[in-house]
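>
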Amino acid sequence: MKKTLFVMGHPHPENSLSNRLITDEMRKVEGVSVRVLAETLMKGEFDVAEEQKAIIESDVIVLQFPFYWFSTPSTLQKWFEDVLLYGFAYGTGGDRLRGKKLLVSVTVGGSEKDYESEGQNYLTVLLQPLRALAEFTGLETMEDVISWGMTYIPGVSGDKDEITAKALAQAATLKERLAAL
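Residue numbers (our numbering): 36 to 216.
1. Tell me whether F81 sits in a helix, a strand or coil according to DSSP, three-state version.
2. Output the distance between the C-alpha atoms of F100 and A73, rounded to the nearest integer angstrom.
3. Would you call the region 162 to 172 and the region 206 to 213 in contact, with 3 or more CB pairs under 8 Å?
4. Any chance you could list the beta strand (DSSP E) runs of at least 3 consecutive residues sitting entirely within the region 165 to 209, in chain order?
5. Please report the straight-line C-alpha distance between P189 and Y125, rounded to a whole angstrom.
6. So P48 and V67 are supposed to be a Cβ contact under 8 Å. How far apart are they, rounded?
7. Helix, strand or coil: which one does DSSP assign to S109?
8. Give me, in chain order, the residues of the same chain whose beta-carbon lies closer than 6 Å to that of T186; leave out the 5 immediate sequence neighbours on both sides.
9. Measuring alpha carbon to alpha carbon, tell me which of K148, F41, N54 and S109 ends up nearest A200.
10. Compare the C-alpha of R131 against each of E178, V95, E80 and F81 and name the closest.
11. Is it buried or exposed, L216, if we count other Cβ atoms within 10 angstroms and call 16 or more buried?
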């Protein structure tokens, strides 16, 4: 398996059953380096040199996040803005992402039907900015891994056993995709 950087972008991982389980499963995989952005942020800022070093040392980048307000969470957006800088990720000399693979892994609270529009899965449109980021920086995209109906709020919403099973299945799919590289 290629060296993988697993970037978990949930802003409150302690509150996420599914993202926490997926991340814990990925920690068990040899060759996978896990970055939990909520933990990596120091005083509101990333250690840019450390984040860039982790990217340089990887062949594959997995972005794991919950779908928040029809987009990526602010922690992941901040990581893009602070770490993927001119001269590193784009522009003159900015080729450090070129040729690496990008695997997007998303947990969605709503059902797949909630994201249908005119017979199409609207989520693919909503994830398009990540495709643009990949193209702009030279990342090679892989097929997204998406799990639906992942909202779990104890005593309010979702079945813990069902969400756990879906999260573990998503982690297994990620492992299979990475092993196939």
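C-beta: ideal position from N, C-alpha, C; glycine also.
For this structure:
1. coil
2. 12 Å
3. no
4. Within the region 165 to 209, the complete beta strand (DSSP E) runs of at least 3 residues are 180 to 182.
5. 43 Å
6. Not confirmed; about 16 Å, so no contact.
7. helix
8. G144, S192 and G193
9. N54
10. The residue with the shortest Cα to Cα distance from R131 is V95.
11. exposed
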